[in-house]
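**Student:**
In the numbering used here, the protein residues as written are 849 to 1369.
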């Protein structure tokens, strides 16, 4: 015996083989209770007629890029005329991996008033196709229209609103569950990271021996030990406490001596702040530096300007916060200036962007304002990180990639090795702390020969007229900052930012004559 199912607009007579039925808004769906991937199913629903399109044209456009149409015919049932097509595709059960031919019957019927279309679809496998197609046509013939015209339109709008509300609730529930899952995963990851970042590391000799053993280089131990250079690794250990001033960290804003302004370049733009190092925290002093004090590192625009600010120990420090709108303000300001080759600085181009205005002082420096209040505009919109990360400092051994950087012209013959790259990589992995970027002080680093990097620093010194430090050998790695991590800096193509100092200056606590470059693969 057929079962009668109704919406506010229409009713149908459903075959009892479809004992899983659902009425929702203006739609009715039927499915066999023994649900499998290949269970036959039928759905009927109403919608407002498409403007400027016939049912035939609309159905053609709908299925243009679908499975092949194997049959098409006009239909006339329940006092309505329309079009019906059959599409043939393939359906796979992802659990059993079984694949079958899969047929979809699609019909569109136009109600007598022309304002409502009745849509219907049936899906079935080859084995049930004949029976389902016959029942599909029978079901369409059983449609009884209950509402027409404006009343049907009002009911469709109400049904659409009901469906939209239910779907919104479902999306909200899914989003809430996803957010809760993400929060749990983040909490677990942070706990794991915190644990890993605070786990004590083995001593230097143990980690060196492990790299030797991994590559089977026991016979080269002594000669390789002569080549490695002591250094310090710096790795993020979580968000820095805002109430702790003068600690080693990367990102955020700098801690500067009381009365000292945030450094600016010749154009008046504020230099970006990268990191600061508390010298008293160093576990290794491979170079002669002051015993204490704070080093703050600043780059300028286009990696062509830089500054290292040294604050002696015992100096009162003041924390300088990074403005919340630093990135947006700087991006807007870049559209208000242009480079002047003659003056070798940025100059205003007489445009206003996002409520910003700019004035130029007697020294040619730019001063930006918004609503009459001074705002900070930085030399680059890229090297800005609001996530200040505390740093963990550990002893490290670094290894040059090339024999030429060992300082011993006979070392390659003594070592009996083609190159040092494999051992350098193994050593770097053995001294890795955590999974984040591995920053470094002292030692050697870089993709090119270390001597060529020293030569770049010496050439820069010569151009500046610093004849007393214009020899390559005196330059060393003051700081290497890697891209990524919580600070999320990205130098050029995710490269490294290197600051080099000269031993003569560093020993006196003078960091006014440094050199910097970006290395990127």
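Positions of the beta carbon are idealized from the N, C-alpha and C atoms, including for glycine.
What are the boundary residues of the beta strand (DSSP E) that residue 1330 is part of?
**Tutor:** Position 482 of the chain shown holds residue 1330. Element bounds for residue 1330: 1323 to 1330.
**Student:** Could you give the residue range of the beta strand (DSSP E) that holds residue 1298?
**Tutor:** The residue you call residue 1298 lines up with position 450 of the chain shown. Per DSSP, residue 1298 belongs to no beta strand (DSSP E); it is in the alpha helix (DSSP H), 1298 to 1312.
**Student:** Would you mind reading off the limits of the beta strand (DSSP E) that contains residue 851?
**Tutor:** Position 3 of the chain shown, counted from the start, is the residue given in the question as residue 851. It spans 851 to 854 - the beta strand (DSSP E) in which residue 851 sits, taken as one unbroken run.
**Student:** Can you give me the Cβ contacts of residue 1207 inside the same chain, cut-off strictly under 7 Å, excluding the 5 residues immediately before and after it?
**Tutor:** As a first step, residue 1207 is located in the chain shown; it is residue number 359 there, counting from the start. Contacts found: 1215.
**Student:** In this structure, how does DSSP classify residue 919 when only helix, strand and coil are distinguished?
**Tutor:** Counting from 1 along the chain shown, the entry for residue 919 is found at position 71. For residue 919, the secondary structure class from DSSP, reduced to helix, strand or coil, is strand.
**Student:** What's the gap between the Cα of residue 860 and the Cα of residue 1022?
**Tutor:** Counting from 1 along the chain shown, the entry for residue 860 is found at position 12. Counting from 1 along the chain shown, the entry for residue 1022 is found at position 174. In a straight line, the C-alpha of residue 860 is about 33 Å away from that of residue 1022.
**Student:** Do residue 1154 and residue 1364 have their C-beta atoms closer together than 9 Å?
**Tutor:** Within the chain shown, the letter at position 306 stands for residue 1154. Within the chain shown, the letter at position 516 stands for residue 1364. The answer is yes: Cβ separation under 9 Å.
**Student:** Counting C-beta neighbours from all protein chains within 10 Å, is the total for residue 1236 16 or more, i.e. buried, or is it exposed?
**Tutor:** Walking along the chain shown from the start, residue 1236 turns up at place 388. In the assembly as shown, residue 1236 is a buried residue. Its beta-carbon has 16 or more other beta-carbons within 10 Å.
**Student:** Residues in its own chain within less than 6 Å of residue 1011 by CB, not counting five upstream and five downstream?
**Tutor:** Counted from its first residue, the chain shown places residue 1011 at position 163. Answer for residue 1011: 873, listed in chain order.
**Student:** Would the segment 987 to 1007 and the segment 894 to 901 be scored as touching if the rule is three or more Cβ pairs under 8 Å?
**Tutor:** Short answer: they touch.
**Student:** Which term fits residue 1305, buried or exposed, when burial requires 16 or more other beta carbons within 10 angstroms of its beta carbon?
**Tutor:** Position 457 of the chain shown, counted from the first residue, corresponds to residue 1305. Looking at its Cβ environment, which holds 16 or more other Cβ atoms inside 10 Å, residue 1305 is buried.
**Student:** At which residues does the beta strand (DSSP E) containing residue 1354 begin and terminate?
**Tutor:** Working through the chain shown from its first residue, we reach residue 1354 at position 506. Element bounds for residue 1354: not the beta strand (DSSP E) but the alpha helix (DSSP H), 1351 to 1355.
**Student:** Relative to the C-alpha of residue 1230, which residue among 1099, 936, 1050, 1327 is closest?
**Tutor:** The residue you call residue 1230 lines up with position 382 of the chain shown. That would be 1099, whose Cα lies nearest to the Cα of residue 1230.
**Student:** With distance defined between alpha-carbon atoms, name the residue in 1114, 914, 1168, 1242 nearest to residue 1194.
**Tutor:** The sequence position of residue 1194 within the chain shown is 346, counting from 1. For the residues 1114, 914, 1168, 1242, the minimum Cα distance to residue 1194 belongs to 1114.
**Student:** Taking the alpha carbon of residue 967 as the point to measure from, which residue in 984, 980, 973, 951 has its own alpha carbon closest?
**Tutor:** As a first step, residue 967 must be located in the chain shown, where it is residue number 119. Selected option, being the one with the closest Cα: 984.
**Student:** Select from 1321, 1338, 1340 the residue whose C-alpha is nearest the C-alpha of residue 1349.
**Tutor:** Numbered from its first residue, the chain shown carries residue 1349 at position 501. Closest by alpha carbon: 1321.
**Student:** Measuring CA to CA, which of 1143, 1169, 1165 is closest to residue 1157?
**Tutor:** Within the chain shown, the letter at position 309 stands for residue 1157. Comparing alpha-carbon positions, the option among 1143, 1169, 1165 lying closest to residue 1157 turns out to be 1143.
**Student:** Can you tell me whether residue 1220 is buried or exposed? The criterion is at least 16 other CB atoms within 10 Å of its CB, across all chains shown.
**Tutor:** Within the chain shown, residue 1220 is the residue found at index 372, counting from 1. That one is exposed.
**Student:** Helix, strand or coil: how does DSSP classify residue 1052 here?
**Tutor:** As a working note, residue 1052 is residue 204 in the chain shown. In this structure, residue 1052 counts as helix in the three-state DSSP scheme.
**Student:** Does the beta-carbon of residue 1210 have 16 or more other beta-carbons within 10 angstroms, so that it is buried, or is it exposed?
**Tutor:** Looking up residue 1210 in the chain shown gives position 362. With fewer than 16 Cβ atoms within 10 Å of its Cβ, residue 1210 is classed as exposed.
**Student:** Roughly how many angstroms separate the alpha carbons of residue 920 and residue 904, rounded to a whole number?
**Tutor:** Stepping through the chain shown from its first residue, residue 920 is reached at position 72. Stepping through the chain shown from its first residue, residue 904 is reached at position 56. So the two alpha carbons sit approximately 10 Å from each other.
**Student:** Assuming residue 930 and residue 958 form a contact by the criterion Cβ under 8 Å, report the distance between their Cβ atoms to the nearest whole angstrom.
**Tutor:** Residue 930 sits at position 82 when you count from the first residue of the chain shown. Residue 958 sits at position 110 when you count from the first residue of the chain shown. The pair is a contact, with the Cβ atoms about 6 Å apart (cut-off 8 Å).
**Student:** Cβ of residue 866 within 9 Å of Cβ of residue 883?
**Tutor:** If you number the chain shown from 1, residue 866 lands on position 18. If you number the chain shown from 1, residue 883 lands on position 35. Taking 9 Å as the Cβ cut-off, residue 866 and residue 883 do not qualify as a contacting pair.
**Student:** Compare the C-beta of residue 1122 against all C-beta atoms of chain C and say whether one is closer than 9 Å.
**Tutor:** Given the protein chain composition of this structure (a single chain), no chain C is represented.
**Student:** Return yes when the Cβ of residue 911 is within less than 9 Å of the Cβ of residue 939, no when it is not.
**Tutor:** Stepping through the chain shown from its first residue, residue 939 is reached at position 91. Stepping through the chain shown from its first residue, residue 911 is reached at position 63. The answer is no: Cβ separation not under 9 Å.
**Student:** Taking 9 Å as the cut-off, decide whether the C-beta atoms of residue 1287 and residue 1123 are in contact.
**Tutor:** Your numbering for residue 1287 matches position 439 in the chain shown. Your numbering for residue 1123 matches position 275 in the chain shown. For residue 1287 and residue 1123, yes; Cβs fall inside 9 Å.
**Student:** Using a threshold of 9 Å, state whether the C-beta atoms of residue 1179 and residue 1295 are closer than that.
**Tutor:** In the chain shown, residue 1179 corresponds to position 331, counting from 1. In the chain shown, residue 1295 corresponds to position 447, counting from 1. Taking 9 Å as the Cβ cut-off, residue 1179 and residue 1295 do not qualify as a contacting pair.
**Student:** With a Cβ-Cβ cutoff of 9 Å, do residue 1165 and residue 1094 count as a contact?
**Tutor:** For the purposes of this step, residue 1165 is taken as residue 317 along the chain shown, with counting starting at 1. For the purposes of this step, residue 1094 is taken as residue 246 along the chain shown, with counting starting at 1. Against a cut-off of 9 Å, the Cβ pair of residue 1094 and residue 1165 comes out as a contact.
**Student:** Below 9 Å between beta carbons: does that hold for residue 1347 and residue 1325?
**Tutor:** Residue 1347 sits at position 499 when you count from the first residue of the chain shown. Residue 1325 sits at position 477 when you count from the first residue of the chain shown. Taking C-beta atoms as the reference points, residue 1347 and residue 1325 count as a pair closer than 9 Å.
**Student:** I'd like to check one pair, residue 885 with residue 878: are the Cβ atoms closer than 9 Å?
**Tutor:** As a position in the chain shown, residue 878 is number 30, starting the count at 1. As a position in the chain shown, residue 885 is number 37, starting the count at 1. Not closer than 9 Å, so no.
**Student:** Mapping DSSP to helix, strand and coil, what is residue 1372?
**Tutor:** Not covered by the structure: residue 1372. The range shown for the chain is 849 to 1369.
**Student:** Counting C-beta neighbours from all protein chains within 10 Å, is the total for residue 988 16 or more, i.e. buried, or is it exposed?
**Tutor:** Residue 988 sits at position 140 when you count from the first residue of the chain shown. Buried, because 16 or more other Cβ atoms sit within 10 Å of the Cβ of residue 988.
**Student:** Here's the rule I'm using: 16 or more other beta-carbon atoms within 10 Å means buried, otherwise exposed. How should residue 852 be labelled?
**Tutor:** Locating residue 852 in the chain shown gives position 4, counting from the first residue. Under this definition residue 852 is an exposed residue.
**Student:** Among the candidates 1212, 849, 1345, 1203, whose CA atom is the shortest distance from the CA of residue 1222?
**Tutor:** Counted from its first residue, the chain shown places residue 1222 at position 374. Looking at the Cα atoms, 1203 is the closest of the given residues.
**Student:** Measure the alpha-carbon distance for residue 1238 versus residue 1328 and round it to whole angstroms.
**Tutor:** The sequence position of residue 1238 within the chain shown is 390, counting from 1. The sequence position of residue 1328 within the chain shown is 480, counting from 1. If you draw a straight line from the Cα of residue 1238 to the Cα of residue 1328, it comes to about 16 Å.
**Student:** If you draw a straight line from the C-alpha of residue 982 to the C-alpha of residue 952, how long is it?
**Tutor:** Position 134 of the chain shown, counting from 1, holds the residue named residue 982. Position 104 of the chain shown, counting from 1, holds the residue named residue 952. Cα to Cα, the separation comes out at about 13 Å.
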